[in-house]
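Quick note on the UniProt record's numbering: the sequence shown kicks off at 1 and runs consecutively.
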Amino acid sequence: MHAAVHYASPLDRETVGPHPCFARRHARAKRNVRRAASFAGTVPLLVRARRKRPDARKRRVNAGCYFFKEDWPKMPTTDYARNEAFTPLLSYMEQLHRTAGATASALIVLQKGSTIAQWKSGAHHHKSGARPIASDSLFNVYSVRKTYIGLALAIALAENDIDPDNPVSRFISDMTEDELGSLSVKDLALKRGPKHFGEKRLEKEGLIGKIVFALTGRTIARLLTETVLDPLGFAETSWAAVPHERLVCDYTSQDRYPSVRIESDEGHERNLYVSARDLARWGQLHIENGFADGRPIVSEKTFELINELKRTAPAGKPAFGWHSEDGLFQVTGYTGCHVTVLPSLHAVGVRMLNNWDLPGPFVREDYDNEIRAFNNILIHCLKQTSL
């Protein structure tokens with residue numbers, strides 16, 4: 001095991017170097033990211049050194065810098081669409097790919113609906129025979145799914161002229177008022193109230209699924225598929241109920257083995273798999289307030305409701321799944337999949353990871369800082385394209 005290394009720059013306060021076969025590329029990426037940080041005003045990617053682990057067998061097996069030579073996966077060559085203005089962001093993603101222990105990563109940036117930068121690297125897991133990352137690879141986006149659930153709720157409310165201040169108990173007949181309390185539909189949209197409800201310990205997303213079905217007669221997945229996804233031609237968005245080769249494995253299981261998550265196809269569970277390009281177009285739909293190519297996909301009334309709750313949401317609280325701050329709105333999933341929507345720049349930035357395990361003990365601020373760094377470099381690169 002290498003000894004931990006401390007660097008003068010906070011951005012470089014990293015642990016051991018990567019496997020020797022990546023050493024030169026790793027050093028070059030760090031230099032590029034340092035340059036990006038100097039002019040983009042970013043915050044540190046890594047702010048704590050990894051604790052020395054007494055037993056190498058207890059390491060997280062997918063964390064790249066701790067693979068033994070014989071374990072190191074044979075990664076396909078990185079593939080990207082060259083755009084010199086985005087070199088700092090591509091370098092940042094290359095470093096994050098290794099540092100976060102990901103085996104598969106992707107990036108796509110849209111501006112005014114057109115792709116201006118694209119990058120992908122790795123394979124669906126770290127074992128021999130893994131499928132190389134491709135444009136149609138589908139990542140489990142975890143909490144990013146809440147923006148899909150949120151849109152389904154907003155559509156159901158708008159179509160039926162329902163005031164979100166109505167109590168949830170009005171729409172759910174198989175749970176008692178004692179189980180639901182005074183919870184309102186707006187509380188669900190703003191993620192307020194208890195985490196679990198009733199004997200089955202349903203989460204808020206499960207309650208939203210019940211409300212959507214009560215109001216529309218359709219599940220979340222069916223409502224979105226029929227009203228949004230199919231009209232837009234989204235062929236790379238799936239609530240995975242059956243495993244298939246396009247699903248990217250992640251490392252969220254307790255034993256840290258690469259796995260995929262299979263659940264129902266109803267739309268409220270943690271099994272939404274999406275490609276980077278479909279997710280970018282999802283963000284674009286929100287920039288355009290429900291329009292695509294000049295035609296309405298989602299009603300104006302629906303987005304009036306969404307935007308009103310975004311404006312009035314308490315600080316730090318999401319509205320229909322989106323967190324708003326400083327002229328942007330964004331959402332992040334458990335493994336590091338992230339969408340940044342920048343209305344003033346008419347741009348969407350999407351990055352995909354299948355693992356997001358920054359060095360050191362878990363500190364929420366480190367992960368928040370990493371997202372800010374990504375956003376800052378993204379914004380800088382977008383502004384460079386307009387010079």
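Idealized CB from N, CA, C, for every residue including glycine.
- DSSP places E263 outside both helix and strand once states are collapsed to three, so it counts as coil.
- Shown here, N376 sits in a helix according to DSSP, grouped into three states.
- Excluding the 5 residues flanking it on each side, C381 has same chain C-beta neighbours closer than 7 Å at A85, F86, P88 and L89, in chain order.
- Between G101 and Y251, the C-beta gap is smaller than 9 Å, which places the two residues in contact.
- Exclusion of the five residues before and after P318 leaves K191 as the residues of its chain whose Cβ lies within less than 6 Å of its Cβ.
- Per DSSP, the beta-bridge partners of S324 are F329.
- Counting only the Cα atoms, K120 lies some 20 Å from I379.
- In its chain, beyond the 5 residues on either side, A156 and L223 have a beta carbon closer than 6 Å to the beta carbon of T216.
- N376 is positioned such that its CB atom lies no closer than 9 Å to that of Q330.
- Inter-residue distance for R270 and Q384 is about 37 Å (C-alpha atoms, whole angstroms).
- Here G316 is exposed: its Cβ has fewer than 16 other Cβ atoms, across all protein chains shown, within 10 Å.
- Boundaries of the beta strand (DSSP E) around S238: T237 to W239.
- Residue burial is scored here from C-beta neighbours: S137 has at least 16 other C-beta atoms within 10 angstroms and is therefore classed as buried.
- With a cutoff of 9 Å on beta-carbon distance, W239 and E205 are scored as not near each other.
- At least 9 Å separates the beta-carbon of L279 from that of M175.
- In this structure, the CA atom of I220 is about 6 Å from the CA atom of G209.
- Excluding five sequence positions before and after F213, the CB atoms of its chain that fall closer than 7 Å to its own CB belong to T219, given in chain order.
- Counting only runs of 4+ residues, no alpha helix (DSSP H) is found wholly inside the segment 119-149.
- For I108 and N140, the gap between their C-alpha atoms comes out near 16 Å.
- Per DSSP, G283 is one residue of the alpha helix (DSSP H) stretching across A276 to I287.
- Here A214 carries a helix assignment [DSSP, helix/strand/coil].
- DSSP places R98 in the helix class (H, G or I) of the three-state scheme.
- For G321, same chain residues with a beta-carbon under 7 Å away, outside a window of 5 residues either side, are K146, T147, I149, G150 and V331 in chain order.
- Excluding its 5 nearest sequence neighbours in each direction, G198 has C-beta neighbours in its own chain below 6 Å: M175 and E179, listed in chain order.
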